[in-house]
Structure formats: structure tokens, C-alpha cells
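If you use the numbering used here, the sequence shown closes out at 255, no skipped numbers anywhere. Taking it in order: structure first as C-alpha cells, then the write-up.
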Amino acid sequence: MRIVLLGPPGSGKGTQAVRLAEHYKLQHVSTGDILRDEVSRQTELGKKAKKFMDQGELVPDQLVVDMIASRLKDAFVLDGFPRSLPQAESLDALLKEKNVPLSAVFNLDVSEEEIVRRLTKRLVCLDCKAVFPAGTQGTCLKCGGSLGKRGDDKPETIRERLRVYRQKTKPLEDYYRRQGLLRQIPGLGAPDEIFKLLTQQLDSAKSKN
Ligand code: AMP
């Protein structure tokens, strides 16, 4: 199974990707997590990526595509990639080479007001990067690490990330709709409900094949 999760920052892609990866035994590929790791290890890629990430801009397509191409296995859920048309076209080319098509593209649909509300308040584990809603007290439930704010979750960077999303990533909905792959998922419900919708759609597509 090969899944792409689309949706604005803060729409719940990361949360659902972790669960889908566990449920269907897929490789979870979060370009944001990989890039943050490169930044914290101060690699060449991390040094190049940092300035774009700090400003809420996209890291240049070629850097991200090369990073993905060297990691991608045959069964995966992509979280935060592709984020632009050139990235989507590169992914198609990569999959064509391997002769393995995408199974589904889900768009987690959440309004901008809700996104700003979530991102300004959300907390992340500074160690394992798990995301927690506003007001969560204490330490990370998964690994016991300290909770804090993500560097790019501040109001001016959030506004820029949303602008970039509208301009560069939103057009991917049409791109995948034309390929007959796009499925819209209301992203406002509880994580459990959204996960149920995703698995229902994937299981029914599987049983038809
Ligand atoms: P995320 O954790 O997915 O919100 O990503 C955090 C930041 O990493 C983004 O604001 C971008 O600067 C960068 N990034 C993540 N994925 C990509 C991608 N596919 N293309 C370009 N930049 C990306």
C-alpha cells in the first residue's frame, strides 16, 4: 500500500500517518521530521534547509526529492511530501521507475481558522516529536520527554506556512483528482474518527481489487 496524506500544516497528517503506518505495517516518511533531524545534526542538508524552515518557506524541491528518493521503500505513507507540483511529478517518475502506483491520496480538510488555532497552541515532545493539544500538562505520554513549542509554530511563521500551502501545495488536490486518486476527508473530527474513515476507505478499496 502506498499512501499520500495532503492537508495544511496542523491538519493531523502526522498523527494519522503514525497510526496508518502501524496498522498496515508501512514505512512512515515525514519530510518535516527528517529535515528537523538533519538540522539538529547540523548536516550539509540540515544547514541548507534551516533557513527555509525557520521562515516557513519550502526547502528547495531538488533537495527534498533527492532525500526522499534515497529512502523510499515499496510500501509507505507519505506525510508532508509532495508539497509542490514538481515534487509530485518527481514522485510519479520515481514510482513509475519502480512500477508501483500510488494506492490513495487523502486530503485532510481543515479550515484556516482552525489551523491557526491549533498551531498557535499545540505542544510537541522535544525528544520524540509527538504532538499534543493545547493545555497538555506534564511530560510526553509516549517517551517521557519534555513538551515545548515547535520553533516554526509562531504566528508570523504560521501565516507564511499557510500562504505557501495555498500557493504551492493546494494545487496538488487537482493534480491527484485528475488521476482519480484524491479522497477528501473532513479533518475536524476526533483523531479516532478520522482514522476510522481512512481505514474504511483503504479496506474497501483493497477488497475491490
Ligand atoms: P512539517 O513538519 O511537515 O510542517 O514541515 C516543517 C517544514 O519543513 C516546512 O515548513 C518546510 O520548511 C520543510 N518541509 C517539510 N516537508 C517539505 C517538502 N516536502 N518540501 C519542502 N519543504 C518541506
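Heads up, the beta-carbon is just placed ideally off N, CA and C, and yes, glycines get one too.
Would the C-beta of residue i count as close to the ligand AMP, meaning under 7 Å from any of its heavy atoms?
i: T77; result: yes
i: E103; result: yes
i: F152; result: no
i: R45; result: Residue 45 cannot be examined here, being either before or after the span of the chain that is shown, 47 to 255.
i: P55; result: yes
i: V123; result: no
i: F98; result: yes
i: L66; result: no
i: D198; result: yes
i: G194; result: no
i: G92; result: no
i: G226; result: no
i: L169; result: no
i: R207; result: yes
i: V50; result: no
i: G184; result: no
i: Q73; result: no
i: Q133; result: yes
i: L165; result: no
Considering Cα atoms alone, identify which of the options is closest to residue i.
i: V156; options: Q88, L165, K200, A150; result: L165
i: N153; options: D198, D120, D125; result: D125
i: K242; options: R48, P55, Q62, S57; result: Q62
i: L51; options: G181, L218, F178; result: L218
i: K167; options: I204, E143, P132, Q133; result: I204
i: K175; options: C189, D138, G181, K200; result: C189
i: Q133; options: R209, K200, G60, V110; result: V110
i: K142; options: R48, G53, M113; result: R48
i: H69; options: F122, S116, D112, E90; result: F122
Which residues in the same chain as residue i place their Cβ atom closer than 7 Å to its Cβ, once the five residues preceding and following it in sequence are excluded?
i: R129; result: L104, K214, T215
i: K119; result: Q73
i: P232; result: D155
i: G58; result: L154, G233, P237, I240
i: V162; result: I204
i: L227; result: L148, A150, V151
So with Cβ pairs under 8 Å, would you call residue i a contact of chain D?
i: E206; result: The chain labelled as chain D is not found in the depicted structure, where only one protein chain is given.
Once you ignore the five residues that flank residue i on each side, which residues in its own chain have a CB closer than 8 Å to its CB?
i: A251; result: S149, A150
i: S192; result: C171, L172, D173, T185, C186
i: D100; result: G197, D198, T203
i: R229; result: A150, V151, F152, N153, Q247
i: F178; result: R168, L169, V170, C171, C186, L187, L193
Mapping the DSSP letters down to three states, classify residue i as helix, strand or coil.
i: G194; result: strand
i: D199; result: coil
i: R87; result: coil
i: Q247; result: helix
i: Q133; result: helix
i: A150; result: strand
i: P232; result: strand
i: V64; result: helix
i: D100; result: helix
i: D138; result: helix
i: S253; result: helix
i: Q225; result: coil
By Cβ distance, which residues of its chain are closer than 6 Å to residue i, with the 5 residues on each side in sequence left out?
i: R207; result: P55, G102
Meets three-Cβ-pair contact criterion under 8 Å: the region 139 to 154 and the region 238 to 249: yes
Stretch-stretch touch, CB-based, cutoff 8 Å, three pairs: the region 67 to 81 with the region 93 to 110: yes
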